[in-house]
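Below you'll find the structure, written out as structure tokens, and then a few comments.
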Amino acid sequence: MRKVLVIGIGAGNPEHVTVQAINGLNRADVLFIPDKGARKSELAELRRDICDRFVTNPASRRVEFDVPVRAEPAPSYHATVDDWHEEIAGIYERLLLEEIAEDGCGAFLIWGDPSLYDSALRILDRVSRRDNVGFELEVIPGITAIQALAAGHKMALNRIGDPFLVTTGRRLTEQGLPDNAGTTVVMLDGRCSFQSVADKDAIIHWGAYLGTADEILIHGRLGDVEDEIVRTREAARLRKGWIMDTYLLRKPD
56 MRKVLVIGIG AGNPEHVTVQ AINGLNRADV LFIPDKGARK SELAELRRDI
106 CDRFVTNPAS RRVEFDVPVR AEPAPSYHAT VDDWHEEIAG IYERLLLEEI
156 AEDGCGAFLI WGDPSLYDSA LRILDRVSRR DNVGFELEVI PGITAIQALA
206 AGHKMALNRI GDPFLVTTGR RLTEQGLPDN AGTTVVMLDG RCSFQSVADK
256 DAIIHWGAYL GTADEILIHG RLGDVEDEIV RTREAARLRK GWIMDTYLLR
306 KPD
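Those letters in the sequence shown? Residues 56 to 308, per this note's numbering, in order.
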């Protein structure tokens, strides 16, 4: 039966790649590298760099594939994402059928960790339920952007006896800071949703391109630094053509 590895490769620094991940990369006959278009070509290049650095299996080959652009939410966010995932599932199914031998092994290289705000596992579950190609799945964890953010700011994610919440920018805008957690980590925020937070005394720790040579870190009282973050973020996005960032908001003691 075909074997499919879903390998977390960290937040962008090749040194985030674990020994387990390196071994997984070298077990695979084929490494799948997604292409998200010219604006995000650097993301594919970083995956290639990781393969160049760590893959020593002479039988290994790389297969690049185009990732369709997600439509704007209409009629709803969930319906749009569902349609997008269904389209990608068709691509995954074709890759497994055409690129992996019956007894072969293929690997998908996933930013951060496959379990946190990544859809590869859900999409592969769709492929499995279609029942057109059989495969055994193995997941190799990786360092997340959250861990890289905390390391960059030299801080612990939680305060003593206090939980933290991981959410999205959309949820932060809709619901604000939670009452049951003193720390909120925000991911998938393309609109600087921290500006919607009413408590400007909250402390923000923000980071972009975490773990890479282009890493940017800003922290301080939200009311003092939110405009600086917006300006810095936009300038970086225009310079590179893309941005990956996350941040932590902490209620004042």
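All C-beta atoms, glycine included, are put in the ideal place defined by N, C-alpha and C.
Values in this document were obtained by computation on a predicted structure and should not be read as measured data.
Residue i and residue j closer than 8 Å at C-beta
i: V59; j: L179; result: yes
i: L307; j: D256; result: Checking the sequence, you will find Pro at residue 307 rather than Leu. Yes, they are a contact pair.
i: L151; j: V188; result: yes
i: L164; j: I298; result: no
i: G315; j: G67; result: Given a span of 56 to 308 for the chain in the structure shown, any question on residue 315 remains unanswerable.
i: A114; j: I195; result: no
i: R181; j: H133; result: no
i: T199; j: D244; result: no
i: R125; j: T135; result: yes
i: R288; j: A263; result: yes
i: L212; j: A203; result: no
i: D84; j: E119; result: no
One or two residues paired with residue i in a DSSP bridge
i: M121; result: A quick correction: the sequence has Asp, not Met, at residue 121. According to DSSP, D121 bridges with D90.
i: K58; result: C160, E191
i: I258; result: R276, R305
i: R116; result: V85
i: G296; result: G296 is not bridged to any residue.
i: G63; result: I165
i: T238; result: F219, R305
Residue from the options whose Cα sits closest to the Cα of residue i
i: V240; options: T301, G161, P89; result: T301
i: G278; options: P218, R108, R305, M299; result: R305
i: L272; options: V280, W261, L80; result: W261
i: I258; options: E281, S248, G245, V285; result: E281
i: S251; options: L152, Y264, T267, L232; result: L232
i: L303; options: H208, E283, W297, R225; result: H208
i: G296; options: L98, G79, G65; result: L98
i: R117; options: W139, I155, D138; result: I155
i: L86; options: M210, S183, G237, V61; result: V61
i: I88; options: G161, H274, D234; result: G161
i: A268; options: D138, I198, P69; result: P69
i: R177; options: E100, Y147, D104; result: Y147
i: C247; options: R286, G216, F109, N81; result: R286
i: G216; options: G237, E119, R276; result: G237
i: D158; options: L293, M56, A291; result: M56
i: M242; options: R149, V221, R276, N81; result: V221
i: Y172; options: G197, L293, R103; result: G197
i: T228; options: N235, D254, M210; result: D254
Three-way DSSP call (helix, strand, coil) for residue i in this model
i: A162; result: strand
i: T316; result: The structure shown does not extend to residue 316, since the chain is modelled only from 56 to 308, so the question has no answer here.
i: D244; result: coil
i: G197; result: coil
i: T267; result: coil
i: D173; result: coil
i: D282; result: helix
i: N78; result: helix
i: V252; result: coil
i: I155; result: coil
i: V72; result: coil
i: T287; result: helix
i: V110; result: coil
i: D186; result: coil
Pick out the complete alpha helix (DSSP H) segments inside the region 208-233, 4 residues or longer, and give them in chain order.
Correct list: 224-230.
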